[in-house]
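Student: Start counting the sequence shown at 1; every next residue gets the next number (the numbering used here). Where is the CB? At the ideal position from N, CA and C, for every residue including glycine.
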Amino acid sequence: MTTTDTPPVAEAMPAIDRDALLRPVLAQVEQLLAKARGSDRAVRLRIEPHAIEVSPWERDVVLEALAGETTETNTTPFKVVEAVAWQVRALGDLQRLAKKPDGERDAVRNDLYRDAVLGTAIYQELQQIVGALVVSGKKDVVQPLSQLQNKVNRALKLVRQELPPELVAGLREAAVSLVSVPDEARLEAPPEPKPRRRRRPAEAPDPPSDVTIRVHRPTGKGTGPGLAHVVFVVLGTAILVGGLVFALTGRARRVEPTDLAMQPGVVSVGGEAPAFEVTVDPRAWQGMDEGARTRLVFSIASVIKRQGYTTARFVLPDGRVVAEWEQGKRVRFSP
Numbered sequence: 001m002t003t004t005d006t007p008p009v010a011e012a013m014p015a016i017d018r019d020a021l022l023r024p025v026l027a028q029v030e031q032l033l034a035k036a037r038g039s040d041r042a043v044r045l046r047i048e049p050h051a052i053e054v055s056p057w058e059r060d061v062v063l064e065a066l067a068g069e070t071t072e073t074n075t076t077p078f079k080v081v082e083a084v085a086w087q088v089r090a091l092g093d094l095q096r097l098a099k100k101p102d103g104e105r106d107a108v109r110n111d112l113y114r115d116a117v118l119g120t121a122i123y124q125e126l127q128q129i130v131g132a133l134v135v136s137g138k139k140d141v142v143q144p145l146s147q148l149q150n151k152v153n154r155a156l157k158l159v160r161q162e163l164p165p166e167l168v169a170g171l172r173e174a175a176v177s178l179v180s181v182p183d184e185a186r187l188e189a190p191p192e193p194k195p196r197r198r199r200r201p202a203e204a205p206d207p208p209s210d211v212t213i214r215v216h217r218p219t220g221k222g223t224g225p226g227l228a229h230v231v232f233v234v235l236g237t238a239i240l241v242g243g244l245v246f247a248l249t250g251r252a253r254r255v256e257p258t259d260l261a262m263q264p265g266v267v268s269v270g271g272e273a274p275a276f277e278v279t280v281d282p283r284a285w286q287g288m289d290e291g292a293r294t295r296l297v298f299s300i301a302s303v304i305k306r307q308g309y310t311t312a313r314f315v316l317p318d319g320r321v322v323a324e325w326e327q328g329k330r331v332r333f334s335p
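This is how it looks when you write it as structure tokens:
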């Protein structure tokens, strides 16, 4: 935190509304995960510079809970829903913070404080639910719930790093009023994880479906709390749902070099082996830090090197070279 920022003040904030924080995210998450229904692959949600993975079990529990007719939210399956949605919201707010100049971060840090309080409550709820299920002998469900708890904890640590120590110290106390654990009558276990298909010894596990998420909060009135606009972009066919663009990698065929023109920030691709050329959008390239540029270069390199390419030039539409990749060497960026 820089000296130009004003730390959030917990006493001055309105009461944290759990529903208001998470509801803007739930519909987007449901629509996205529905596109991967039935797959035995995890879905990786990239919210630069971070990412979360939604396991097939988490996806199935989320979709089943949100498809139910009941409005009851104090159930174990719905706690899974909230844990997944909270990670998307928290990492989205971290992304927004990273894009703000030093003097404009106060509002986002206030959002992050709310995220931290709610995340602390969700972590404690999962911890108590796991403990109760261990006692009841539901060990098959305990493992995926524990893994989800660890994911929440990792995202929570990232959020806490952006808050002043005095607010971090008070998070557990602030979260007390939000903690709500199902009583014994409603402490039903979510469905047990489905057995995955058996693989031949030499067969590698399916990689996660990759989804890149960019979070934008439009200017103007009426945006409300939460994530106002989320764009999911990956290799594949884009689907417009409720003002959002969703795209998932398919399993029907191998990714080819020509598909790389669909990468975020890429205008066109071409070239003959061993030399490949990528034309990038100037505004998109300018908006990336060195880490994001490096990830873009290597994500493309991982595809083209399997097709016999050993070098790649990344250029702007005017022909100016902005990056060069050569197999086995470091990426070279031009000023």
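To the nearest angstrom, report how far apart E173 and A20 are at their CA atoms.
Tutor: Rounded to whole angstroms, E173 to A20 spans 21 Å at the Cα level.
Student: Can you give the Cα-Cα distance for Q147 and K157, rounded to whole angstroms?
Tutor: Distance between the alpha carbons of Q147 and K157: 15 Å.
Student: Could you check what DSSP says for S268 in three-state terms: helix, strand or coil?
Tutor: Three-state result, S268: strand.
Student: Roughly how many angstroms separate the alpha carbons of A323 and L97, rounded to a whole number?
Tutor: Taking the straight line joining both Cα atoms gives about 27 Å.
Student: Quick one: using the 10 Å Cβ neighbour count with 16 as the cut-off for buried, is G92 buried or exposed?
Tutor: With 16 or more other Cβ atoms within 10 Å, it is buried.
Student: Could you give the distance in angstroms between the alpha-carbon of W86 and the alpha-carbon of G119?
Tutor: The alpha-carbon atoms of W86 and G119 are separated by roughly 7 Å.
Student: Helix, strand or coil: how does DSSP classify L45 here?
Tutor: The answer is strand: DSSP assigns L45 an E or B state.
Student: Taking 8 Å as the cut-off, decide whether the C-beta atoms of V152 and A83 are in contact.
Tutor: Contact flag set, yes.
Student: Once DSSP output is grouped into helix, strand and coil, what is the label at I52?
Tutor: If DSSP states are grouped into helix, strand and coil, I52 belongs with the strands.
Student: As a quick exercise: from A132, H50, R114, pick the residue whose alpha carbon is nearest that of L163.
Tutor: The candidate whose alpha carbon is nearest that of L163 is R114.
Student: Is the CB-CB distance between L171 and V117 below 8 Å?
Tutor: Yes. Within cutoff.
Student: Taking only three categories from DSSP, how would you classify V331?
Tutor: If DSSP states are grouped into helix, strand and coil, V331 belongs with coil.
Student: R313 lies in the beta strand (DSSP E); which residues open and close that run?
Tutor: Run containing R313: 311-315, per the beta strand (DSSP E) assignment.
Student: Which two residues bound the contiguous alpha helix (DSSP H) that contains T294?
Tutor: Looking at the DSSP string, the run of the alpha helix (DSSP H) that includes T294 is 290-304.
Student: Out of G308, V315, L296, which one is the CA nearest neighbour of E48?
Tutor: Nearest of G308, V315, L296 to E48, Cα basis: L296.
Student: Who are the near neighbours of E125 in its chain, counting only those whose CB is closer than 8 Å to its CB and skipping five residues on each side?
Tutor: Only K79, V179, S180, V181 meet the Cβ criterion.
Student: Indicate whether the contact test is met: 3 or more Cβ pairs, each with one atom in the region 274-283 and one in the region 306-325, closer than 8 Å.
Tutor: With a cut-off of 8 Å, the region 306-325 and the region 274-283 count as touching, because enough Cβ pairs lie within range.
Student: Can you look up A15 in the DSSP assignment and give me helix, strand or coil?
Tutor: Residue state, collapsed to three classes: coil.
Student: To the nearest angstrom, how far is it from the Cα of Q149 to the Cα of V159?
Tutor: C-alpha separation (whole angstroms): 15 Å.
Student: Cα-Cα, which of G291, A42, S302 is closest to W57?
Tutor: Cα-wise, what sits closest to W57 is A42.
Student: Return yes when the Cβ of R313 is within less than 8 Å of the Cβ of V321, no when it is not.
Tutor: Going by C-beta atoms, V321 is nearer than 8 Å to R313.
Student: Does the separation of the CB atoms of V62 and V29 fall below 8 Å?
Tutor: Contact: yes.
Student: For T310, which residues of its own chain have a beta-carbon under 6 Å away from its beta-carbon, when the five flanking residues on both sides are left out?
Tutor: So the qualifying residues of the chain are P274, Q327.
Student: Less than 6 Å between C-beta atoms, sequence neighbours within five positions excluded: which residues of the same chain meet that for S39?
Tutor: Closer than 6 Å at the Cβ level, and outside the excluded window around S39, lies no residue.
Student: DSSP on T279, reduced to helix/strand/coil?
Tutor: Strand, per DSSP.
Student: Between which residues of its own chain and G222 is the CB-CB distance below 6 Å, once the five residues before and five after are set aside?
Tutor: The pLDDT assigned to G222 is 35, lower than 50, so where the model puts this residue is not dependable, and the model offers no usable value.
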